[in-house]
Amino acid sequence: MTSGISIAEWLVTNGNIAFEIIGTLAFALSGLLEAARKKLDIVGMAMVTFLAAFGGGTLRDILLDRRPFFWVQNQFWIWVVLAMCLLALIFIRSRHLEPTERATAWPDAIGLGIFSAGGTYIALQAGVPAIVAVIMGIITAVFGGVLRDVVVNEIPRAFVDHQPYSILAFAGGWVVVGLHYVGTSSFIAVGLGALVITALRFAAMIFGWRLPTWRV
Amino acid sequence: MTSGISIAEWLVTNGNIAFEIIGTLAFALSGLLEAARKKLDIVGMAMVTFLAAFGGGTLRDILLDRRPFFWVQNQFWIWVVLAMCLLALIFIRSRHLEPTERATAWPDAIGLGIFSAGGTYIALQAGVPAIVAVIMGIITAVFGGVLRDVVVNEIPRAFVDHQPYSILAFAGGWVVVGLHYVGTSSFIAVGLGALVITALRFAAMIFGWRLPTWRV
Amino acid sequence: MTSGISIAEWLVTNGNIAFEIIGTLAFALSGLLEAARKKLDIVGMAMVTFLAAFGGGTLRDILLDRRPFFWVQNQFWIWVVLAMCLLALIFIRSRHLEPTERATAWPDAIGLGIFSAGGTYIALQAGVPAIVAVIMGIITAVFGGVLRDVVVNEIPRAFVDHQPYSILAFAGGWVVVGLHYVGTSSFIAVGLGALVITALRFAAMIFGWRLPTWRV
Numbered sequence: 001m002t003s004g005i006s007i008a009e010w011l012v013t014n015g016n017i018a019f020e021i022i023g024t025l026a027f028a029l030s031g032l033l034e035a036a037r038k039k040l041d042i043v044g045m046a047m048v049t050f051l052a053a054f055g056g057g058t059l060r061d062i063l064l065d066r067r068p069f070f071w072v073q074n075q076f077w078i079w080v081v082l083a084m085c086l087l088a089l090i091f092i093r094s095r096h097l098e099p100t101e102r103a104t105a106w107p108d109a110i111g112l113g114i115f116s117a118g119g120t121y122i123a124l125q126a127g128v129p130a131i132v133a134v135i136m137g138i139i140t141a142v143f144g145g146v147l148r149d150v151v152v153n154e155i156p157r158a159f160v161d162h163q164p165y166s167i168l169a170f171a172g173g174w175v176v177v178g179l180h181y182v183g184t185s186s187f188i189a190v191g192l193g194a195l196v197i198t199a200l201r202f203a204a205m206i207f208g209w210r211l212p213t214w215r216v
Numbered sequence: 001m002t003s004g005i006s007i008a009e010w011l012v013t014n015g016n017i018a019f020e021i022i023g024t025l026a027f028a029l030s031g032l033l034e035a036a037r038k039k040l041d042i043v044g045m046a047m048v049t050f051l052a053a054f055g056g057g058t059l060r061d062i063l064l065d066r067r068p069f070f071w072v073q074n075q076f077w078i079w080v081v082l083a084m085c086l087l088a089l090i091f092i093r094s095r096h097l098e099p100t101e102r103a104t105a106w107p108d109a110i111g112l113g114i115f116s117a118g119g120t121y122i123a124l125q126a127g128v129p130a131i132v133a134v135i136m137g138i139i140t141a142v143f144g145g146v147l148r149d150v151v152v153n154e155i156p157r158a159f160v161d162h163q164p165y166s167i168l169a170f171a172g173g174w175v176v177v178g179l180h181y182v183g184t185s186s187f188i189a190v191g192l193g194a195l196v197i198t199a200l201r202f203a204a205m206i207f208g209w210r211l212p213t214w215r216v
Numbered sequence: 001m002t003s004g005i006s007i008a009e010w011l012v013t014n015g016n017i018a019f020e021i022i023g024t025l026a027f028a029l030s031g032l033l034e035a036a037r038k039k040l041d042i043v044g045m046a047m048v049t050f051l052a053a054f055g056g057g058t059l060r061d062i063l064l065d066r067r068p069f070f071w072v073q074n075q076f077w078i079w080v081v082l083a084m085c086l087l088a089l090i091f092i093r094s095r096h097l098e099p100t101e102r103a104t105a106w107p108d109a110i111g112l113g114i115f116s117a118g119g120t121y122i123a124l125q126a127g128v129p130a131i132v133a134v135i136m137g138i139i140t141a142v143f144g145g146v147l148r149d150v151v152v153n154e155i156p157r158a159f160v161d162h163q164p165y166s167i168l169a170f171a172g173g174w175v176v177v178g179l180h181y182v183g184t185s186s187f188i189a190v191g192l193g194a195l196v197i198t199a200l201r202f203a204a205m206i207f208g209w210r211l212p213t214w215r216v
């Protein structure tokens, strides 16, 4: 009950929620832009945005047998995502904006970082081995985007993008595992892990890093 | 133990099972017609029919952590669906019938109504917030059809059909929520909700209602 | 505590684990060859191999509510699959081997037999009715392959291959159910069931057996 413990506890609880919210909003935005680019109607827009925002975390929670889901416990964020869809529909239509494929990639990179670092940490707390936790982080980050792409009939970016994507989630997951084992708080572990992953993904996009391919 | 209570209880229990059965048969029929239209063999036919009939409810139960599944507890209905497949194969082939895309849409509309109303009600009983219950209803109704369409390599009707579909499940879900909160029995709540949704879907198909699109 | 019982128990436990490992390796190999054929990078290769190896069993365990998953409890096998990917990448590239579609089909047939027989047995042990156990066997065997094919953007072999595939899993599942009911050990039931299914699949491939089609 000392103030040191309560601050640490506050960060453990609320730091994780803050990350979950930022990651959710980033992936929701990527879904929204993708839906706008494909000129989906309001229903398709809401579906793509929901899948992008909540799909990966929900699959992770099913695999870890964690309940309730984030969006069941925090229904406020369902309304936020619905409001984002309505606003986007009105705003993008009135301004005749046309989001490019590139526009989707930036918020996607932020979601990638936060969701893979956060997913790894949540899995570690559930007591699974390190390699399983890292895989759970990849699933959390990649699966929402995969669903978003499948629904608009695109081949998932995570599979055909020849730039590093899932492998950054893999590398970043081990950063989180390492920080967790040296005993840093969840706020530092997830925050630093997310920062590393998102920064590397930004660098990959800006400098055009490529994965080694067949037949070099 | 008065007769009034037992009739109400009978309706709560058996009314829901009756709805589940009618919805299952309607979606099974839509899967069957889709499979016949695509000239799938008996194995493909059985798979598409099973996915259409049991896919949405199974995903809802996984999300709500409800067990056992409808088809695990009521194995009789697995045999019914298998028998439907065999009969359809023999009958459709001998008559050289060719189901049209339109033919799939009618039983699909009935399944849409019953499964979204029933799914919403089941989720309310599991104690989730109203907006989550409505989303569970949409998942129950839409996911089986999505699996059915994906398996036969069509883009899911729910995503590209420019006529109102999921949005009717959304609206109808709120009807169920409203009736539940004013205290009607599950039979009335689900029955009325299903009726509203199916009637609106029929109307949308007959009168060619369209959702507002981009570039008005 | 007699030696008879402990040998039986050893077989029940370790026989099943041996089967799970052989099936996992066979499906992993099929995923690996498919990924090599499509010239995926190391990340895509690892994903396809993981989905093929662990996808079907994971879905079965979610449906049966069994935890922990095979790959969570036996993290050793995650490393084996990762090592297989690395070795394959180095070996196939250096030898300029080009796996044919046919090459994928042989390990796939072994995985089909072991996973559908094993999946059926595990479901029987979980206490579900026979028909549900058979369906769980099909899901275990077919779903990993479906995910493997979907990810590399091929229509799932299980749906379009006009040779008998899922129907062999269906027939073989009943062999396992029959052996289980006459009281054989799990080692015999699963081993014999797997042998029958894989042998029939090999025969179907070699002799070109076909399912009856429409418009005979």
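Chains as they are written, first to last, in UniProt numbering: chain W, 1 to 216; chain F, 1 to 216; chain U, 1 to 216. Just so you know, even glycine gets a beta-carbon here, dropped at the ideal spot from N, CA and C.
Taking 8 Å as the CB-CB limit, is residue i close to chain U?
i	result
Val72(F)	yes
Ile78(F)	yes
Gln163(F)	no
Val196(W)	no
Beta-carbon of residue i versus every beta-carbon of chain F: anything under 8 Å?
i	result
Asp65(U)	yes
Met136(W)	no
Leu84(W)	According to the sequence provided, residue 84(W) is Met. The question's Leu does not apply to it. So, not an interface residue.
Met47(W)	yes
Show which residues of chain F have a CB atom less than 7 Å away from the CB atom of residue i.
i	result
Val128(U)	Val72
Ile167(U)	Val43
To the nearest whole angstrom, what separates the beta carbons of residue i and residue j, a pair I think is in contact under 8 Å?
i	j	result
Gly23(F)	Ile114(F)	3 Å
Pro107(U)	Ala199(U)	Rounded, the Cβ-Cβ distance is 15 Å, inconsistent with contact.
Ala117(F)	Ile197(F)	6 Å
Ile139(F)	Gly56(F)	7 Å
Leu32(U)	Met136(U)	At roughly 26 Å, the Cβ-Cβ gap does not stay under 8 Å, so Leu32(U) and Met136(U) are not in contact.
Gly145(F)	Pro129(F)	Not quite, the Cβ-Cβ distance comes to about 25 Å (not below 8 Å), so this is no contact.
Met45(F)	Ala53(F)	So it is not a contact: roughly 12 Å between Cβ atoms.
His162(F)	Arg201(F)	With 8 Å as the limit, His162(F) and Arg201(F) do not qualify as a contact, their Cβ atoms being about 14 Å apart.
Ala141(F)	Val81(F)	Not really, about 18 Å apart at Cβ, beyond 8 Å.
Val176(F)	Thr120(F)	4 Å
Ala169(U)	Leu112(U)	6 Å
Ile167(U)	Val43(F)	5 Å
Met205(F)	Ala105(F)	6 Å
Arg148(F)	Pro99(F)	The Cβ separation is near 14 Å, so there is no contact.
Ile17(W)	Ile62(F)	About 25 Å; that fails the 8 Å criterion.
How would you call residue i, buried or exposed, if buried means at least 16 neighbouring beta carbons within 10 angstroms?
i	result
Ser30(W)	buried
Val151(F)	buried
Ile78(W)	buried
Glu101(W)	exposed
Arg67(W)	exposed
Ser186(W)	buried
Gly173(F)	buried
Phe19(U)	buried
Leu87(W)	exposed
Ala83(W)	exposed
Phe76(U)	exposed
Ile122(U)	buried
Phe91(F)	exposed
Phe207(U)	exposed
Establish whether the CB of residue i and some CB of chain W are separated by less than 8 Å.
i	result
Ile62(U)	yes
For a contact defined as C-beta to C-beta under 8 Å, what are the partners of residue i on chain W?
i	result
Ile131(F)	Gln75, Ile78, Trp79
residue 303(F)	Here chain F has residues from 1 to 216 only, and residue 303(F) is not among them.
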